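Undergrad:
There are 2 protein chains.
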Amino acid sequence: MAGAAPTRVLMGVNESTIKGYPHASISSRKAFEWTLDKIVRSNTSGFKLLFLHVQVPDEDGFDDMDSIYASPEDFKSLKRRDQARGAHLLEFFVERCHAIGVACEAWIKKGDPKEVICHEVKRLQPDLLVVGCRGLGPFQRVFVGTVSEFCVKHAECPVITIKRSAEETPEDPVDD
Amino acid sequence: MAGAAPTRVLMGVNESTIKGYPHASISSRKAFEWTLDKIVRSNTSGFKLLFLHVQVPDEDGFDDMDSIYASPEDFKSLKRRDQARGAHLLEFFVERCHAIGVACEAWIKKGDPKEVICHEVKRLQPDLLVVGCRGLGPFQRVFVGTVSEFCVKHAECPVITIKRSAEETPEDPVDD
């Protein structure tokens, strides 16, 4: 088993709706830290993390975002452009992986997050898809939908859903 | 991280609906083997697997099934009784864990599987709940319900759902 190919974990990550600058959402950070702590643990060579950030076109207006970032250096030239928002988000995850020695890749796509995530699962065939979720009640879910519910049903690989805990939930639970 | 407490993984397992004798269902076996292969990998000391088998009272008629089985030996005396069905199921998982050196525990509860699983999550606070599922389409789901969908929404810990693949699906996909 030690020589086997690493377990490829695709993580859908998004920006916080709370802060002005593109920090990772509470549920994305939670899902990421949990995965390192409880799944990867000390076996850093056994896993490769794939970070996918899906931007909704009308919100962000990017044209050219199918780039791949595989190291902190890859982000420098991109930062000069408006694409810096998404790159900044992904940099958070890539920097953290490099610091602890976990292989990773990160990229940005545009589209409907739930559709794009399931499409990327089909394309990349990861071993596992990790999606954070807000843990909303049924009433709140009616209005915002949830990416995680869709992915659990439709993604063609095992899916782990990680809810925020009560103490991580912001004043308005629809925020993240 | 190497000295940290192991990641405690609760797995809901059930019997096959196909064979007469209590073999593990296709989706339970798939979820188990996948967890060993893709999550535990070579880090056998980093994980503890907790196997929960929930029997529906009217189907099985057991009275006394809150026992804990922690090693293959624990099963011997129980085999003399009718409870052997559930014990045989759990023995499959416990034997396999012992063979590869992964710590485990297994027990039987009776009740509604989805309710009991979520109750045991609350009681034991595992790091992760693993549930296999048949991967049924929406039409089939209407008639059989799914334990996994309920657990994703209600269990108070991260949940991983693992669908059977197309080639593992029996002739009648409601079978498992």
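Line by line, the protein sequences are chains A and B. The opening residue of the first sequence carries number 937 in my numbering; numbering runs sequentially from there. The opening residue of the second sequence carries number 937 in my numbering; numbering runs sequentially from there. Don't be surprised by glycine CBs; every beta carbon is placed ideally from N, CA and C. Bear in mind the structure is a predicted one, so any value in this text is a computation, not a measurement.
(1) Which residues of the stretch 1056-1073 of chain A have a Cβ closer than 7 Å to any Cβ of chain B? Give them in chain order.
(2) Could you run through the stretch 943-974 of chain B and flag, in chain order, every residue whose CB is less than 7 Å away from some CB of chain A?
(3) Below 7 Å CB to CB, which residues in the same chain sit around residue 952 of chain A once its five sequence neighbours on both sides are set aside?
(4) Just how far apart, CA to CA, sit residue 988 of chain B and residue 1055 of chain B?
(5) Can you tell me whether residue 1015 of chain A is buried or exposed? The criterion is at least 16 other CB atoms within 10 Å of its CB, across all chains shown.
(6) Using a C-beta to C-beta distance shorter than 9 Å, which residues of chain A count as neighbours of residue 940 of chain B?
(7) Tell me which same chain residues have a C-beta within less than 8 Å of the C-beta of residue 1008 of chain B, skipping the five on either side of it?
(8) Counting contacts by CB-CB distance shorter than 8 Å, is residue 1088 of chain B in contact with chain A?
(9) Pick from B/979, B/981, B/950 and B/982: whose alpha carbon is nearest that of residue 967 of chain B?
(10) Between the alpha carbons of residue 1110 of chain A and residue 1057 of chain A, how many angstroms are there, rounded?
(11) Which residues bound the beta strand (DSSP E) around residue 1090 of chain B?
(12) In angstroms, rounded to a whole number, what distance separates the CA positions of residue 1006 of chain B and residue 1063 of chain A?
(13) How far does the beta strand (DSSP E) with residue 944 of chain A in it extend, from its first residue to its last?
(14) Between which two residues does the alpha helix (DSSP H) harbouring residue 1020 of chain A extend?
TA: This is what the structure gives:
(1) 1063 and 1064
(2) 943, 970 and 974
(3) As a working note, residue 952 of chain A is residue 16 in the first sequence. Correct list, in chain order: 959, 960, 961, 962 and 1112.
(4) The residue labelled residue 988 of chain B in the question sits at position 52 within the second sequence. The residue labelled residue 1055 of chain B in the question sits at position 119 within the second sequence. Distance between the alpha carbons of residue 988 of chain B and residue 1055 of chain B is about 11 Å.
(5) Numbered from its first residue, the first sequence carries residue 1015 of chain A at position 79. Bear in mind that the predicted position of residue 1015 of chain A carries a pLDDT of just 47, short of 50, making it unreliable; the figure below should be weighed with that in mind. Flag for residue 1015 of chain A reads exposed.
(6) For the purposes of this step, residue 940 of chain B is identified with residue 4 of the second sequence, where counting begins at 1. Under the 9 Å cutoff, chain A gives 973, 977 and 978.
(7) For this step, residue 1008 of chain B is matched to residue 72 along the second sequence. These residues qualify, in order along the chain: 1027, 1030, 1031 and 1034.
(8) Against the second sequence, residue 1088 of chain B aligns to sequence position 152. True, the Cβ-Cβ gap to chain A drops below 8 Å.
(9) For the purposes of this step, residue 967 of chain B is identified with residue 31 of the second sequence, where counting begins at 1. Each of B/979, B/981, B/950 and B/982 was checked against the Cα of residue 967 of chain B, and the nearest Cα belongs to B/950.
(10) Here the question's residue 1110 of chain A lines up with position 174 in the first sequence. Here the question's residue 1057 of chain A lines up with position 121 in the first sequence. Cα to Cα, residue 1110 of chain A sits roughly 26 Å from residue 1057 of chain A.
(11) Translated into positions along the second sequence, residue 1090 of chain B becomes position 154. Looking at the DSSP string, residue 1090 of chain B is not in any beta strand (DSSP E); the run it does join, the alpha helix (DSSP H), is 1083-1090.
(12) For the purposes of this step, residue 1006 of chain B is taken as residue 70 along the second sequence, with counting starting at 1. For the purposes of this step, residue 1063 of chain A is taken as residue 127 along the first sequence, with counting starting at 1. Whole-angstrom Cα-Cα distance: 30 Å.
(13) Along the first sequence, one-based indexing puts residue 944 of chain A at 8. From DSSP, the beta strand (DSSP E) with residue 944 of chain A extends over 943-949.
(14) Within the first sequence, the letter at position 84 stands for residue 1020 of chain A. Taken as a continuous stretch (DSSP letters only), the alpha helix (DSSP H) holding residue 1020 of chain A covers 1020-1036.
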